[in-house]
Each structure stands twice: as structure tokens, then as C-alpha cells.
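Student: One structure is given below, represented as C-alpha cells, and several questions about it will come after.
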Amino acid sequence: MSIEPRVSWLRESATRLDSVDPAHTDYADLEPFRAELDGVRVVLLGEIMHGDGSSFTAKTRLVQWLHQHLGFDALAFESGFYDCHVAWQSMQTKPALEAFREGVFAIWSRSAEMLPLVEYLGDQIHAAQPLELMGFDCQLTGTASETQLVNDLEKLRRTVGLEVEDWALYCLEMRKLVNSEWREVKPPAACVAKVQLIHQHLLDAVSTHTPFAHQAFWKQFLNSLQTEFQNQLADEGEVQPFWNQRDAQMADNLLWHLEQNPERRLIVWAANLHIARAAASIQQDDTFPYQGFIPMGQHLHTALGAEILSIAITGLRGEMAICWNSDVYKFDASHPSDLETFCDQAGLENAVFSWRKSDAFGDLEFPAKFCGTQSCNADWTNVFDGVLYTRDITRSHLSKQ
Numbered sequence: 101m102s103i104e105p106r107v108s109w110l111r112e113s114a115t116r117l118d119s120v121d122p123a124h125t126d127y128a129d130l131e132p133f134r135a136e137l138d139g140v141r142v143v144l145l146g147e148i149m150h151g152d153g154s155s156f157t158a159k160t161r162l163v164q165w166l167h168q169h170l171g172f173d174a175l176a177f178e179s180g181f182y183d184c185h186v187a188w189q190s191m192q193t194k195p196a197l198e199a200f201r202e203g204v205f206a207i208w209s210r211s212a213e214m215l216p217l218v219e220y221l222g223d224q225i226h227a228a229q230p231l232e233l234m235g236f237d238c239q240l241t242g243t244a245s246e247t248q249l250v251n252d253l254e255k256l257r258r259t260v261g262l263e264v265e266d267w268a269l270y271c272l273e274m275r276k277l278v279n280s281e282w283r284e285v286k287p288p289a290a291c292v293a294k295v296q297l298i299h300q301h302l303l304d305a306v307s308t309h310t311p312f313a314h315q316a317f318w319k320q321f322l323n324s325l326q327t328e329f330q331n332q333l334a335d336e337g338e339v340q341p342f343w344n345q346r347d348a349q350m351a352d353n354l355l356w357h358l359e360q361n362p363e364r365r366l367i368v369w370a371a372n373l374h375i376a377r378a379a380a381s382i383q384q385d386d387t388f389p390y391q392g393f394i395p396m397g398q399h400l401h402t403a404l405g406a407e408i409l410s411i412a413i414t415g416l417r418g419e420m421a422i423c424w425n426s427d428v429y430k431f432d433a434s435h436p437s438d439l440e441t442f443c444d445q446a447g448l449e450n451a452v453f454s455w456r457k458s459d460a461f462g463d464l465e466f467p468a469k470f471c472g473t474q475s476c477n478a479d480w481t482n483v484f485d486g487v488l489y490t491r492d493i494t495r496s497h498l499s500k501q
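With this note's numbering applied, the sequence shown corresponds to residues 101 to 501, in that order.
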């Protein structure tokens, strides 16, 4: 019986990893993958559903290699644009974990599997080229927005000399936004209109004021926050309106980070679905659950082309759970034509590969578990540029620290 061509290609072309443990700092095994990163300015690292703890550690090792050996100098999280800005400033003087929790979503910042990454960020803080922490989400995600945002907005108002009626109302509604209360109880239309008007006055004042510290940041953040207003007001649905609004804004925030430093090389930490393109083509059973969804990865691909490399994560077997959650999601059994089955037949345990320069998988639909524990069908070569495969997926655990 002839060997399935995709299995043969994986045996010959996948970069096999000696380890996915961040403590394994001999990166010789990753060197064959270096050629795939020629001309790449942004590496997008996905994960299946934020509960695959083994993905966190595998990505951490990749982050360390990209930083130390390829000159990538910033790590942007699917977390608050504002919160991570504050967290990076705090990390200069505070313990790394305390600062990290000021910025990054609790699904990561409370996970035990994230501790090696946080320790690495802290260890590198005073290096010649630290790995700068950034955020690109329009959502308000860490403790920084809970404890500092309203005070910082008041300082900003004073800096730009804005005098406006109902500022106290604006601050009250900002506190509700931080707590996602607009999602649960929609405010009256008159209240929303007043808040948005005050917000626009603040944005206009910031944009036209004489230069001051972090002016560009505040202008971008206020624009981003306008999107979060709409997100929290959106109605629930199969593909919620805020998906497109949020992903477009996340792409805009990332592009802003790149524009601030033309020499920057950026690592992006996000869900597989956010780094995807052509998501509407993904089929699950007889449905297309992401019909109409335009992910962040699509916007970035349009803007940057070959300067980005998107690497999605998948695995053959295992389970996933958010670190504090008792609900565990176990992988469905693999099918003979699954990508994960091909990887297993190729003898891969942990590996990374890009199919961007190969037609071995091109123009073929095949099932894979990029979107959860159940296989979905797509021409995945048109959705992601490559794959980080870890045969055994393990759940995220709550940190005791």
C-alpha cells in the first residue's frame, strides 16, 4: 500500500521538536524552521480554545527562541490594549506576575502553565533587548482597568483641558464597561448617546492638543474603546456582531504597534480563530459556523501579506479546560483523514511546520481540530500558514501563586 502523500511530506518536511518544555533551552531542534521566517515580521501563534495548557508551554518555548535567536522584540497578547500598556510599565518595578495580571486575561494570567513565560518576561526586563509586553484587544481585561482606568481618564481630561458636562456620568459608565455590565443590562439609548458624545469630545481634544507624553497611545486607545462600546451593546447571535468589530479593531491595534516602530518584530499570542483567514470556509458537520466572520488574521494578511506567518495549534488526543473550570472537554476520536492522524502516522510527537512554500496540502479540504475538540473541514492551507502540533494536549491548571 502506498504511503499517503501528506504523511510522506510530514515525515520529510516537519521540524521535529526535541521538547515543548520551556526549560529546554537548546534550540538546535528549531533551527531548521528558521528558513520559514525569512522576511517575516509578525508571527501569529494560535491555540485551540484557551484551555489547552500544553499549548501555553509549547508556545512559550517558541517565544523564547524567536526572541533570543531571531530578534523578535515584542509579545502582543489577545488582551487589553490599555491594560497591557499599564502592565508593561508596572513590570519595570513590580514582580513580573503581579504586573502580568494587571494586563492579561485571567485565562492566561491565572494559569500555572503560563508561569514559565511570565518568569521569562521578568528575567528579560533589563536585558539589552527585553521582550516588550503589549496588548491589542479592545476589551478591558486585567486588573489595571479595574483599578486605574477611570483615574487615568480623569488625568487625561485635565491634561487636554477638556471641560464637559456630565463627566461624572461618563466615569460611572466607564466603570460599568470595565465590569462588562453593558453586556448584561443595556443602558438607555439617551445614556449611550451622552457617553459617546463625551467620549468623542475627549478624543477630539487629545487629537488636537499640543504634543504630550503617550499622546499617540491615548488616541489609539480611545478609538479602540469606541469599539468596545459597540461590542457590549451588540445582541447575542450565532456569529455575534462584535466578532467582526472586535477582530477588525484588534488588527488595527496591532498595526498601530508596528507603525510606532518600523523595526519591530512582533509575536502575537491569540486563539486559532483570531489568527485565521477565510474563516467562512470552515465547515463543521453540515454547517458553516463562521459564515460572515472576518478574523483579525484576514485583516493582517491583507495589510502585511508575506510579512506575517500564522501558526495554528492542534493535537491528536487529550483534553482542555479553562484553568479555574471543572468543565473538561475531551477530544473526539480522530478520523483516518484528519491532519492529526497524518501527523501521528508520520511519527511526529511534537513538531512545527509551514505549508506556505509547499503544495503538498494545497487545494485540498481535510479535517482538523483547530477550532475545538471536534474536527472541522477546510482547505486549511488557505486559513493558516503552518501548524504547531503536539500529539498530547493537556488542560490548563489554576496557578497556586
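All C-beta atoms, glycine included, are put in the ideal place defined by N, C-alpha and C.
Just so you know, these numbers come straight off a predicted model, no measurement behind them.
Please state whether DSSP places Gln398 in a helix, a strand or coil.
Tutor: Three-state result, Gln398: helix.
Student: Relative to the C-alpha of Leu249, which residue among Met274, Asp304, Phe205, Gln326 is closest?
Tutor: Considering only alpha carbons, the answer is Met274.
Student: When you compare only the Cα positions, how much space is there between Glu202 and Ala421?
Tutor: The straight-line gap from Cα to Cα measures roughly 23 Å.
Student: Mind checking who Glu232 pairs with in its DSSP beta bridge?
Tutor: DSSP lists Ala174 as partners of Glu232.
Student: Looking only at DSSP bridge pairs, what is Arg116 linked to?
Tutor: Note: Arg116 sits in a beta bridge opposite Ala451.
Student: Inspect the beta-carbon positions of Pro110 and Ala316 and report whether they are closer than 8 Å.
Tutor: According to the sequence as given, residue 110 is Leu; it is not Pro. Against a cut-off of 8 Å, the Cβ pair of Ala316 and Leu110 comes out as no contact.
Student: Using the beta-carbon count (16 or more within 10 Å), is Ala114 buried or exposed?
Tutor: Per the 10 Å Cβ criterion, buried.
Student: Could you have a look at Glu419 and say whether DSSP puts it in helix, strand or coil?
Tutor: Strand at Glu419.
Student: What do you get for Pro362, buried or exposed, if any count of 16 or more other CB atoms within 10 angstroms of its CB means buried?
Tutor: That one is exposed.
Student: Quick one: any contact between the stretch 230-237 and the stretch 262-273, if contact means 3 or more CB pairs under 8 Å?
Tutor: Cβ pair count under 8 Å is below three, so no.
Student: Please classify Asp492: does DSSP put it in a helix, a strand, or coil?
Tutor: DSSP places Asp492 in strand when its eight states are reduced to three.
Student: For Asp432, which residues does DSSP report across the bridge?
Tutor: According to DSSP, which records beta bridges pairwise, Asp432 is partnered with nothing at all.
Student: With which residues is Ile413 paired in a DSSP beta bridge?
Tutor: Answer is Leu488, bridged to Ile413.
Student: Name the two residues that bound the continuous beta strand (DSSP E) containing Ala468.
Tutor: Its beta strand (DSSP E) spans residues 466-468.
Student: On the DSSP bridge assignment, give the partners of Ala478 in chain order.
Tutor: Answer by DSSP bridge pairing, in chain order: Phe466.
Student: Starting from Gln384, follow its DSSP beta bridges and name the residues at the other end.
Tutor: Thr387.
Student: Looking only at its own chain, which residues have a Cβ that is under 8 Å from the Cβ of Val120, when we skip the five neighbours before and after it?
Tutor: Cβ within range, chain order: Ser154, Thr157, Ala158, Arg161, Asn450, Thr490.
Student: Using only CA atoms, which one of Phe133, Ala478, Ser437, Trp480 lies nearest to Val143?
Tutor: Comparing Cα-Cα distances from Val143 to each of Phe133, Ala478, Ser437, Trp480, the minimum goes to Phe133.
Student: Reducing DSSP to helix, strand and coil, say where Met101 ends up.
Tutor: Legend: pLDDT at Met101 = 34, less than 50; position of this residue unreliable, value from coordinates given subsequently. If DSSP states are grouped into helix, strand and coil, Met101 belongs with coil.
Student: For the alpha helix (DSSP H) containing Ile207, name the first residue and the last one.
Tutor: Per DSSP, Ile207 belongs to the alpha helix (DSSP H) from 206-209.
Student: Checking 8 Å against the spacing of the C-beta atoms, do Asp485 and Ser454 come in under that value?
Tutor: Yes.
Student: Where do the ends of the alpha helix (DSSP H) carrying Ile367 lie?
Tutor: That residue, Ile367, is in no alpha helix (DSSP H); its beta strand (DSSP E) goes 366-369.
Student: Exposed or buried, which one is His169 when buried takes at least 16 other CB atoms within 10 Å?
Tutor: Exposed, since its Cβ has fewer than 16 Cβ neighbours within 10 Å.
Student: Relative to the C-alpha of Ala290, which residue among Asp304, Leu269, Lys276 is closest?
Tutor: Selected option, being the one with the closest Cα: Leu269.
Student: Going residue by residue through the stretch 294-348, where are the continuous alpha helix (DSSP H) segments of at least 4 residues, counting only ones entirely within it?
Tutor: Taking only runs of at least 4 residues, the alpha helix (DSSP H) segments lying wholly in the stretch 294-348 are 315-333.
Student: Would you please state the rounded distance, in angstroms, between the beta carbons of Ser211 and Ala199? I believe it to be under 8 Å.
Tutor: No, Ser211 and Ala199 are not in contact; Cβ-Cβ is about 16 Å, not under 8 Å.
Student: Put Gly180 into one of helix, strand or coil per three-state DSSP.
Tutor: Strand at Gly180.
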